[in-house]
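Undergrad: Dropping the structure in here first, questions after.
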Ligand code: UFG
């Protein structure tokens, strides 16, 4: 297939691009490099630097795309509470412009990066796709708006749409000479921040809140290895059905408190990892754990690296070899 990958210079988009190319697809990457990195771009993919708002310049009827994988987005739940307008403009308005281009060019299928953040504080764990959507942060709201638009688009115009709702993505893709991983700047995610402490770039790990209704008072998250997540996109592409919007959760099905994550980082790195409790971060749900049963049964997806230990091991290998060694 000929595929457009928006956000193909980012953490997840670059790994999916690599896998698509390895599977024999042709890939064009559209990325504005605002948060993506040119070092993550696959040399065999055509690269267009630009915003999704201008996707119509790339997705022309003549270009003959068979599908779009839409990753490009702002992703910080905390920041989205302080600068909501940025998130609505970038994530929602940008995606609607992309959908206009997809419709005009009659591109048959689209796979969208949705998020567990659409569920807010769930009433039941693990979370199924049928759970109520009530985001607690603007980031989740902007993604949910796109999910709803995709449902309409599929019903009204026949698009084959799939939303993949990611839980907390971790780890790196390390295969031969390929090393792709997380390089957010500024970094806001728990595991890479903990690795900053291990590497001596920060003094201690701040844990945001220890008075949540969880086993040790810190938030619970479900971590998924980025390579497992990426493989699900290739399955979703072939599972997309014209006129349907299919939604799948992607997580490992087990929750870890922030303190437990810190323990695994200590175990993997051998570093004492000093921790300090800080106030809650605005918009954080207490616990998010996926039921990924639907992805298993309908997509035939099975995670190959479901343990947090594996994820932190790969994240640390990437951090040590690609970030520390080269800085
Ligand atoms: N946390 C800390 N200290 C830090 C950073 C994070 O205690 O320095 C805590 C957060 O408060 C939260 C947990 O670690 O309780 C995980 O936070 P992350 O920022 O790593 O991830 P989020 O759960 O906020 O969000 C991530 C992605 C979203 C996605 C969501 C789905 O960034 O895009 O997972 O669960 F929607």
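Numbering (our numbering), first residue to last: 16 to 342. Virtual Cβ for every residue (Gly too), placed ideally from N, Cα, C. Since this is a predicted model, take the numbers as computed values, not measurements.
Keeping to the same chain, check which residues put their C-beta closer than 7 Å to that of residue 150; ignore five residues upstream and five downstream.
TA: Excluding residues within five positions, the ones whose Cβ falls inside 7 Å are 132, 133, 135, 156 and 159.
Undergrad: Can you confirm whether the stretch 65-80 touches the stretch 269-285 when touching is taken to mean that 3 or more C-beta pairs between the two stretches lie within less than 8 Å?
TA: With the cut-off at 8 Å, the stretch 269-285 and the stretch 65-80 do not touch.
Undergrad: Using DSSP bridges, identify the partner residues of residue 178.
TA: Answer is 127 and 262.
Undergrad: Contact defined as beta carbons within less than 8 Å: I believe residue 301 pairs with residue 253. What is the distance between those atoms, to the nearest angstrom?
TA: That pair is no contact at about 36 Å.
Undergrad: Would you say residue 179 lies against chain C (beta-carbon separation less than 8 Å)?
TA: Protein chain content of the structure displayed is limited to a single chain, and chain C is not contained in it.
Undergrad: Below 8 Å on the Cβ atoms is my contact criterion, and I expect residue 256 with residue 200 to pass it. Report the Cβ-Cβ distance as a whole number of Å.
TA: Their Cβ separation, rounded to whole angstroms, is 39 Å, which puts residue 256 and residue 200 out of contact at 8 Å.
Undergrad: In angstroms with no decimal places, state the Cα-to-Cα distance between residue 30 and residue 171.
TA: Using only the alpha carbons, I get a separation of about 32 Å.
Undergrad: Select from 268, 56 and 331 the residue whose C-alpha is nearest the C-alpha of residue 309.
TA: Out of 268, 56 and 331, 268 has the C-alpha closest to the C-alpha of residue 309.
Undergrad: Take residue 118 and list the residues in its own chain whose beta-carbon comes closer than 8 Å to its own, dropping the five residues that flank it on each side.
TA: Around residue 118: 168, 172 and 174.
Undergrad: What are the boundary residues of the beta strand (DSSP E) that residue 221 is part of?
TA: Counting along the chain, the beta strand (DSSP E) containing residue 221 begins and ends at 220-223.
Undergrad: So is residue 91 buried or exposed if we call it buried at 16+ other beta carbons inside 10 Å?
TA: Classification for residue 91: buried.
Undergrad: Got a sec? Which residues, its chain only, sit under 6 Å from residue 236 by beta carbon, not counting five neighbours each side?
TA: For residue 236, where only same-chain residues beyond five positions count, the Cβ hits under 6 Å are 183 and 303.
Undergrad: List the endpoints of the continuous beta strand (DSSP E) containing residue 240.
TA: Here the beta strand (DSSP E) through residue 240 covers 235-240.
Undergrad: Return the first residue and the last residue of the alpha helix (DSSP H) that residue 328 is part of.
TA: That run of the alpha helix (DSSP H) goes 323-333.
Undergrad: Under a Cβ-count criterion, where at least 16 other Cβ atoms within 10 Å of its own Cβ denotes burial, should residue 74 be classed as buried or exposed?
TA: Residue 74 is buried by the Cβ-count criterion.
Undergrad: Could you tell me how far apart the beta carbons of residue 86 and residue 186 are, in whole angstroms, since I believe they sit closer than 8 Å?
TA: With a Cβ gap of about 17 Å, residue 86 and residue 186 do not count as contacting.
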